[in-house]
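Protein chains in written order, with the working numbering: chain D, 1 to 148; chain P, 1001 to 1148. Where is the CB? At the ideal position from N, CA and C, for every residue including glycine. Keep in mind the model is a prediction, meaning the values are calculated, not measured. See structure below.
Number of protein chains: 2
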Amino acid sequence: MNPLNGYDIEDLSVGMSAEISKTITDADIVMFSGVSTDINAVHLNEEFGKTTMFGGRIAHGMLTASLISAVVGNKLPGAGCIYVGQTLKFKAPVRPGDTVTAKATVKEVMVDKCRVILDTVCTVAGKVVIEGEATMMPSSRARREAGK
Amino acid sequence: MNPLNGYDIEDLSVGMSAEISKTITDADIVMFSGVSTDINAVHLNEEFGKTTMFGGRIAHGMLTASLISAVVGNKLPGAGCIYVGQTLKFKAPVRPGDTVTAKATVKEVMVDKCRVILDTVCTVAGKVVIEGEATMMPSSRARREAGK
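Written as structure tokens, this is what we have:
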């Protein structure tokens, strides 16, 4: 572990995983609309939402994806890592009141490049709503001890 | 255009583009921390931030990426489209006070699959901070007129 209690790349191995869960509420949707400026009616207008294939308002896909940022940034690898990249496939809608679990699982560790690839999946009641991969640059004990 | 004033896939052609700009403030960072639960110290603790390679606090990468959601969801293709996927490469930090421009440019239109690929780039003062691609399913005039 690094001094921030995050994982160094030397601590990581394929199959390690971590997760967080959070209920997506109307407050989240309103705040995310303000932060992002994404005010699409399908997120904010229930009467419009009812006319769509979703049958009501849905959360922004990127709002749900923000939970992936939390699990990789705060848990695995956690503090001290740098977010390099992310892929996202939006598979199903998330509705106000749904509880999302974001899980990250180490898929590949590249010590020479100081990169780790994690499978990142968001689910609601076991159903996949987002899937993709995160690329992270964790801290490195070897680099730290070498003063780099 | 569809009845929501968004683009139908039949309206889209390679090279069309749209953009939005927004200043990322401390208020955005605090609200995004709450919405995402990503409370990494590099976003919230200036004294810690000063000890990092960034020299101070930086915005969450996914917060900046949320502006891509806004430009594709509200402008191009805009209302009536469905967000299918996104790739993100985080290239440089965004600091409180930075004004981010998110630009989407149509790269490929697949009428048969009803999908459009857009290059999505976020810049600060002309410097690329995020690059990637969005995959969208726009509305379709042909499908609408066929009652599908």
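Asked: Interface flag, N1040(P) vs chain D, CB-CB below 8 Å; Found: yes
Asked: Nearest-angstrom Cα separation, counted from T52(D) out to E1019(P); Found: 26 Å
Asked: Chain D contact for T1087(P) (CB, 8 Å cutoff); Found: yes
Asked: Helix, strand or coil at M31(D) [DSSP, three-state]; Found: helix
Asked: Counted within 10 angstroms of its Cβ, other Cβ atoms place V124(D) as buried (16 or more) or exposed; Found: buried
Asked: Rounded distance between the beta-carbons of S66(D) and M1031(P), thought under 8 Å; Found: With a Cβ gap of about 11 Å, M1031(P) and S66(D) do not count as contacting.
Asked: Exposure label - M110(D); buried when at least 16 CB within 10 Å; Found: exposed
Asked: M110(D) (DSSP reduced to helix, strand or coil); Found: strand
Asked: D1008(P) beta carbon less than 8 Å from that of R1141(P); Found: yes
Asked: Pair within 8 Å by beta-carbon distance, L1118(P) and M1137(P); Found: no
Asked: T1023(P) at chain D interface by Cβ criterion, 8 Å; Found: no
Asked: Contact the stretch 126–134 of chain D vs the stretch 89–98 of chain D: 3+ CB pairs below 8 Å; Found: yes
Asked: Residue nearest to S1036(P) in terms of C-alpha spacing, selected from N40(D), K22(D) and E46(D); Found: K22(D)
Asked: Residue burial classification, D1149(P) (beta-carbon count within 10 angstroms, cutoff 16); Found: Any answer about residue 1149(P) is impossible in this case: the structure gives chain P only from 1001 up to 1148.
Asked: Range covered by the beta strand (DSSP E) that runs through E1046(P); Found: Segment E1046 to K1050 is the alpha helix (DSSP H) holding E1046(P); no beta strand (DSSP E) there.
Asked: Residue from E1108(P), S1139(P), A1134(P) and A1027(P) whose Cα sits closest to the Cα of S1013(P); Found: E1108(P)
Asked: 8 Å Cβ cutoff met for A1079(P) and A59(D); Found: no
Asked: Any chain P beta carbon closer than 8 Å to L118(D); Found: no
Asked: Nearest residue (CA-CA) to S139(D), options G132(D), R115(D) and E131(D); Found: R115(D)
Asked: Chain D contact for G1055(P) (CB, 8 Å cutoff); Found: no
Asked: Chain-ordered chain D contacts of Y1083(P) [CB-CB under 7 Å]; Found: G61 and F90
Asked: Under 7 Å from the C-beta of N74(D): neighbouring residues of chain P; Found: D1038, I1039 and N1040
Asked: Option nearest G6(D) by Cα separation, candidates S33(D), V72(D) and A134(D); Found: V72(D)
Asked: Bridge partner(s) assigned by DSSP for A1137(P); Found: In the sequence as presented, Ala is not what sits at residue 1137(P); that position holds Met. I1082(P).
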